[in-house]
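Colleague:
Residue numbers (our numbering): 14 to 288.
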């Protein structure tokens, strides 16, 4: 394996991780050369498996609270996945039992979940769904800082403490990601071409041509769309045609109706009652 990323993730009550796939890598196409929407289209289309680079992502939980000792409907924060269940493995290093349901894995401390997150749609459901999370303004400096003197976490906005959390209030995980190759020589060969912008430019037309040809077969665009359509319009067509995330299974209305006001401003008043 060829490690390339590590993350430390802290979730506050009321927060979630939306359904997504991680940034995929292909031979000749990656996030340093192409926009991630195009890479996602390449994954969802299934047309580029021959140049797809498999990954392994391990999510480990390092908080101390155990979901097996709490009311599950109250706490949430489960790892959720959609797709081939055979691609998901769990490993537990503590006495607490890891529960694997149809599409959920509990965040048991010192347990790990390994998937290929670049092709398996995954998420975390809302951690403490009955708690309203703090409003975080992207234009203001916001940070969660640990205080060793009193063993608590302070949420600061513009250097002012707005809320204090105990350790057991937080869902904490670490994430490790690596690309999978048959040997070190192949891994080194791949690393050497990651930033090859000239090769990426040559490959771009090939990628778009493959996608347009497939879309033409589906009757979505005409065969000359690559030269006839504005690139932004073509990009939106590709996103609409290929990228399909699962609808919420338990929602009465499985759509983001709160975004409707962007299309119909007159609905803002009514939607403000629930959004």
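The beta carbon of each residue, even a glycine, is placed where N, CA and C say it ideally should be.
Please report the distance separating the alpha-carbon of residue 147 from that of residue 24.
Modeller: For residue 147 and residue 24, the distance between alpha carbons rounds to 11 angstroms.
Colleague: Please confirm if the region 118-137 is in contact with the region 72-80, defined as three or more CB-CB distances below 8 angstroms between the two stretches.
Modeller: The region 118-137 is in contact with the region 72-80.
Colleague: So, for residue 255: in the same chain, excluding its five sequence neighbours on each side, which residues have a beta-carbon less than 6 angstroms away from its beta-carbon?
Modeller: Result list for residue 255: 54, 57 and 58, in chain order.
Colleague: Shortest alpha-carbon distance to residue 81 belongs to which of 70, 119, 21 and 69?
Modeller: Among 70, 119, 21 and 69, the Cα nearest to that of residue 81 is on 119.
Colleague: DSSP state of residue 209, grouped into three classes?
Modeller: If DSSP states are grouped into helix, strand and coil, residue 209 belongs with coil.
Colleague: With distances taken from CA atoms, which of 173, 16, 51 and 17 is nearest residue 220?
Modeller: That would be 51, whose Cα lies nearest to the Cα of residue 220.
Colleague: On the CB-based measure, 16 or more other CB atoms within 10 Å of its CB, does residue 260 come out buried or exposed?
Modeller: Classification of residue 260: exposed, given that the 10 Å Cβ count is below 16.
Colleague: Distance, Cα to Cα, residue 242 vs residue 192?
Modeller: C-alpha separation (whole angstroms): 35 angstroms.
Colleague: Pairs of beta-carbons, one from the region 197-207 and one from the region 32-45, closer than 8 angstroms: are there three or more?
Modeller: With a cut-off of 8 angstroms, the region 32-45 and the region 197-207 count as touching, because enough Cβ pairs lie within range.
Colleague: For residue 110, name the three-state secondary structure that DSSP assigns.
Modeller: With a pLDDT of 38 at residue 110, under the threshold of 50, the modelled position of that residue is not reliable, and the figure given next carries that caveat. Three-state DSSP puts residue 110 in coil, outside helix and strand.
Colleague: Quick check on residue 77: does DSSP put it in helix, strand or coil?
Modeller: Reduced to three states, the DSSP call for residue 77 is coil.
Colleague: Which one of 189, 253 and 62 has the shortest CA to CA distance from residue 20?
Modeller: Closest by alpha carbon: 189.
Colleague: May I ask you to verify whether the region 265-272 touches the region 242-253, counting CB pairs closer than 8 angstroms and requiring at least 3?
Modeller: Touching, no.
Colleague: Provide the residue span of the beta strand (DSSP E) that contains residue 255, from first to last.
Modeller: Element bounds for residue 255: not the beta strand (DSSP E) but the alpha helix (DSSP H), 244-255.
Colleague: Buried or exposed: where does residue 140 fall if 16 or more other Cβ atoms within 10 Å of its Cβ makes it buried?
Modeller: Label assigned to residue 140: buried.
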